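Number of protein chains: 2
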Amino acid sequence: MRFTTVSSLFVIATFAALPASADLREDAMDMFKPLPSTIPSVQDNPITADKIDLGKALFFDPRMSASGVFSCNSCHNLATGGDDNLETSIGHGWQKGPRNSPTVLNAVFNEAQFWDGRAPDLAAQAKGPVQAGVEMANTPDNVIATLKSMQDYVDWFAASFPDESDPITFDNFAKAIEAYEATLITPAPFDAWLNGDEAALNETELAGLSLFMDKGCVSCHAGINVGGEGYYPFGLIEKPGADILPEGDVGRFAVTETADDEYVFRAAPLRNIAVTAPYFHSGKVWDLKTAVVIMGQSQLGEDINDEEADQIVAFLQTLTGEVPEVVYPILPAETSATPRPSGQIIQN
Amino acid sequence: MRFTTVSSLFVIATFAALPASADLREDAMDMFKPLPSTIPSVQDNPITADKIDLGKALFFDPRMSASGVFSCNSCHNLATGGDDNLETSIGHGWQKGPRNSPTVLNAVFNEAQFWDGRAPDLAAQAKGPVQAGVEMANTPDNVIATLKSMQDYVDWFAASFPDESDPITFDNFAKAIEAYEATLITPAPFDAWLNGDEAALNETELAGLSLFMDKGCVSCHAGINVGGEGYYPFGLIEKPGADILPEGDVGRFAVTETADDEYVFRAAPLRNIAVTAPYFHSGKVWDLKTAVVIMGQSQLGEDINDEEADQIVAFLQTLTGEVPEVVYPILPAETSATPRPSGQIIQN
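Line by line, the protein sequences are chains V and U. Following our numbering, the numbering of the first sequence begins with 5 at its first residue and continues without gaps. Following our numbering, the numbering of the second sequence begins with 5 at its first residue and continues without gaps.
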């Protein structure tokens, strides 16, 4: 809480007395963790080069949607921070999804997937949007028929799941996407700093990091993904207005049906946050500094002043990482057996 | 007309008497032209590495659409043959476009762009879908405001148009896209064969090529793009049914207002045709062999038999080329000045 009550004069003095970067790093290492230098393993899904390649093709293939319009990459666009930069995604039939699309980058490190954590891992997550009527509006049967109609996919599934007699399953579809997504990790200046490169963060960014830890942001946004590890009520101290926290979306309550989980969401992982506006599950806030101030008020009861907010934003910008080079895939051509795309909207 | 009236027994004899591949190539070289080994130049638009890179970013940037959902690549997807494999594209507000999306691959070699040739070049073409209400539904002003709001784009336009004091214009936006699209050329086995590699085409494919020339397909589908060079009435000999040639679309007549141009369309360029179903401006035919038979009837008054159609399809498959490796771009992040995406449908 070093900076919370000090006058601006005292801030200057405090700067001079800042712990050496090494001490700050020691504190930070208790809270955060740099990205690994290798692709993380995922449960029950050995990652192989074949599976990554297959998963990449599936990730970019719009024929995984009923309409042939949307791929995973439509809403988790690797060109734009791994999300779609929309308030909430537009999907099948021009319907709007209920929540802001989270970034796929580094998502493998989240404790669970979706804003309410209803999918335990990326494979489970991958099955959701494909079937959601407002997103890709497809069915597992139609996905499988589509994949089986193209020989390259038949070969790629066989190579990716070599011990299985019938490798093209919806489970394996999801596992291949999970394997690919596990490769989407983005080392950032903050990782370089955590790894010992003192020059990786400048004074303003370090001041922002100190504030981030001392103000208490870190109590929800910690760990390898600077968030994505736990569930917290949005509006812990002060509930934001319905413009930001729409009343109709009760968050994790819909998953657990536990009263304590009303308006509870997974703390957003903050890697690449500077390039993934708009913010919050509602996508109602476009400016990162504004989002920081709202978080201070609603979650910490803190009035984060202008300078502090700038410093915290400077720190958050050091979480913008390098996206791995992606060679755009060439997908198999449809055959006469490929189910035809349909943009028809089926009301449930 | 070597194969048109022969019995199947005679076909076998004819095979033995086929002109040497070298002679067939000489004939073919009069009609077709292999792709060049270098990026073609385009009029009034010197192509530079900077301009190509900028054009690639623009081509993949969904923020060039009003909604933030569609990029050029949405309907001209480099992963799927440079088109969207839909009957007609789905665009802004889930509206359906009037005609099948043509491939962007090798489009630089077409005499003019769009099915009715209403755009003289790719730069003029690029301005169309961005503004079309059923496609990207944007305005030049909004495109420019979007581009000017992101420093990387400001820098990239300055580097691409170094002699201009105000380089971010809608014209230059289109020129950069044209420069990128000029790089999207796909050398195919047919090029290797035209260039002298006799083994590049097998006997069936060569028989298909002979048929393609002798039956008269080549009278419309010639040149470097095996089509894309001239305008012809769809239904020259026999008008296909309204299921394939919808009556409401009068083709080039809408451009020239000349009675002779009713139902006249630019002959489709056939490079990559095997991977760009469905076919015709209506997108109503999914099977290439069926499309070949329909063309025989409607344009040539020829009943192309099953074996001939298979051979012609085999030849057409040799036009499937290698798409240049595309590294997926990382796009600049929005700023507070970036116009917000809007999926709103404005009725004209």
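Using N, Cα and C, we set each Cβ at its ideal position, and we do this for glycine too. On a predicted model such as this, the values are computed, not experimentally measured, just so you know.
Using the beta-carbon of each residue, which ones in chain U are nearer than 8 Å to residue i?
i, result
"Asn81(V)", "Pro66"
"Ser340(V)", "Trp290 and Asp291"
Taking residue i as the reference, which of the options has the closest Cα?
i, options, result
"Leu372(V)", "Ile277(V), Met33(V) and Leu151(V)", "As displayed, chain V neither begins before 5 nor continues past 352, which places residue 372(V) out of reach and without an answer."
"Gly85(U)", "Ser340(V), Leu335(V), Gly347(V) and Arg344(V)", "Leu335(V)"
"His285(V)", "Leu109(V), Asn89(V) and Asp201(V)", "Asn89(V)"
"Ile326(U)", "Val46(U), Ala83(U) and Ala53(U)", "The sequence given here places Glu at residue 326(U); Ile does not occur at that position. Glu326(U) has its Cα closest to that of Ala83(U), out of Val46(U), Ala83(U) and Ala53(U)."
"Gly234(V)", "Ala272(V), Ala204(V) and Asn199(V)", "Ala272(V)"
"Asp307(V)", "Ala226(V), Cys221(V) and His225(V)", "Cys221(V)"
"Trp160(V)", "Ala180(V), Asp145(V) and Glu338(V)", "Ala180(V)"
"Gly227(U)", "Ile241(U), Asp195(U), Thr294(U) and Glu242(U)", "Asp195(U)"
"Ile241(U)", "Lys219(U), Gly305(U), Ala186(U) and Ser223(U)", "Gly305(U)"
"Ser93(V)", "Ser93(U), Thr92(U) and Pro66(U)", "Pro66(U)"
"Glu312(U)", "Thr322(U), Leu323(U) and Val296(U)", "Val296(U)"
"Pro343(U)", "Asn276(U), Asp145(U) and Asn206(U)", "Asp145(U)"
"Lys55(U)", "Asn110(U), His225(U), Asp27(U) and Ala186(U)", "Ala186(U)"
"Ala26(U)", "Glu261(U), Arg270(U), Asp247(U) and Ala204(U)", "Ala204(U)"
"Phe353(V)", "Ile51(V), Thr339(V), Tyr283(V) and Ser340(V)", "Residue coverage of chain V in this structure runs from 5 to 352, which leaves residue 353(V) outside it and unanswerable."
"Arg103(U)", "Cys79(U), Asn199(U) and Leu126(U)", "Cys79(U)"
"Lys359(V)", "Ala136(V), Ala127(V) and Asn110(V)", "Nothing about residue 359(V) can be read from this structure; chain V reaches only from 5 to 352."
"Asp314(U)", "Phe118(U), Gly95(U), Thr294(U) and Tyr283(U)", "Thr294(U)"
"Asp201(V)", "Gly132(V), Thr322(V) and Glu261(V)", "Thr322(V)"
Which residues mark the beginning and the end of the beta strand (DSSP E) in which residue i is found?
i, result
"Val268(V)", "Val268 to Arg270"
For residue i versus residue j, is the C-beta spacing smaller than 8 Å?
i, j, result
"Gly255(V)", "Asp120(V)", "yes"
"Asn49(V)", "Glu168(V)", "no"
"Ala98(U)", "Trp98(V)", "Before going on, a small fix: residue 98(U) reads as Trp here, not Ala. A contact, by the Cβ cut-off of 8 Å."
"Phe63(U)", "Asn77(U)", "yes"
"Val147(U)", "Val138(U)", "no"
"Ala61(U)", "Asn142(U)", "no"
"Pro44(U)", "Val108(U)", "no"
"Val73(V)", "Tyr332(U)", "no"
"Ala162(U)", "Pro171(U)", "yes"
"Ala130(V)", "Pro124(V)", "no"
"Leu274(V)", "Gly231(V)", "yes"
"Met140(V)", "Met68(V)", "yes"
"Asp2(U)", "Ser105(U)", "Because chain U here runs from 5 to 352, residue 2(U) falls outside it and cannot be looked at."
"Ala278(V)", "Trp290(V)", "no"
"Tyr267(U)", "Leu249(U)", "yes"
"Lys219(U)", "Glu91(U)", "no"
So the alpha helix (DSSP H) residue i belongs to, where does it begin and stop?
i, result
"Pro237(U)", "Unbroken run through Pro237(U) is the beta strand (DSSP E), Tyr235 to Pro237; no alpha helix (DSSP H)."
"Ile316(U)", "Asp310 to Gln321"
"Cys224(V)", "Run containing Cys224(V): none; DSSP gives neither H nor E here."
"Pro133(V)", "Leu126 to Gln135"
"Ala178(V)", "Phe174 to Ala186"
"Thr260(V)", "Phe257 to Thr260"
"Asn276(V)", "Per DSSP, Asn276(V) belongs to no alpha helix (DSSP H) and is neither H nor E."
"Met68(U)", "Looking at the DSSP string, Met68(U) is not in any alpha helix (DSSP H), and its letter there is neither H nor E."
"Trp197(V)", "Pro193 to Leu198"
"Pro38(U)", "It is not in any alpha helix (DSSP H) - Pro38(U) carries neither H nor E in the DSSP assignment."
"Val2(U)", "Residue 2(U) falls outside the range modelled here, since chain U spans only 5 to 352, and no answer is possible."
"Met299(U)", "Leu292 to Met299"
"Asn77(V)", "Cys76 to Cys79"
"Phe161(V)", "Gln155 to Ser164"
Mind listing the chain U neighbours of residue i? Cutoff is C-beta to C-beta under 7 Å, in chain order.
i, result
"Leu90(V)", "Gly72 and Pro345"
"Ile334(V)", "Ala83 and Val327"
In chain V, which residues lie with their C-beta within 8 Å of the C-beta of residue i?
i, result
"Ala281(U)", "Ala337 and Glu338"
By the criterion of Cβ-Cβ separation under 7 Å, what are the contact partners of residue i in chain V?
i, result
"Glu329(U)", "Val331"
"Trp98(U)", "Gly97, Trp98 and Gly347"
"Ile94(U)", "Ser71, Val73 and Gly347"
So residue i contacts chain V; which residues on that side make the cut at Cβ distance below 9 Å?
i, result
"Ala278(U)", "Ala337"
Just checking, does the segment 190-204 of chain U make contact with the segment 29-40 of chain U on the three C-beta pairs under 8 Å criterion? yes
Specify whether the segment 293-300 of chain V and the segment 333-350 of chain V touch according to this definition: at least 3 beta carbon pairs, one from each stretch, less than 8 Å apart. no
Within the chosen definition, does the segment 208-217 of chain U reach the segment 143-159 of chain U through at least 3 CB pairs nearer than 8 Å? no
Hey, is the segment 255-269 of chain V in contact with the segment 314-325 of chain V, meaning 3+ C-beta pairs nearer than 8 Å? no
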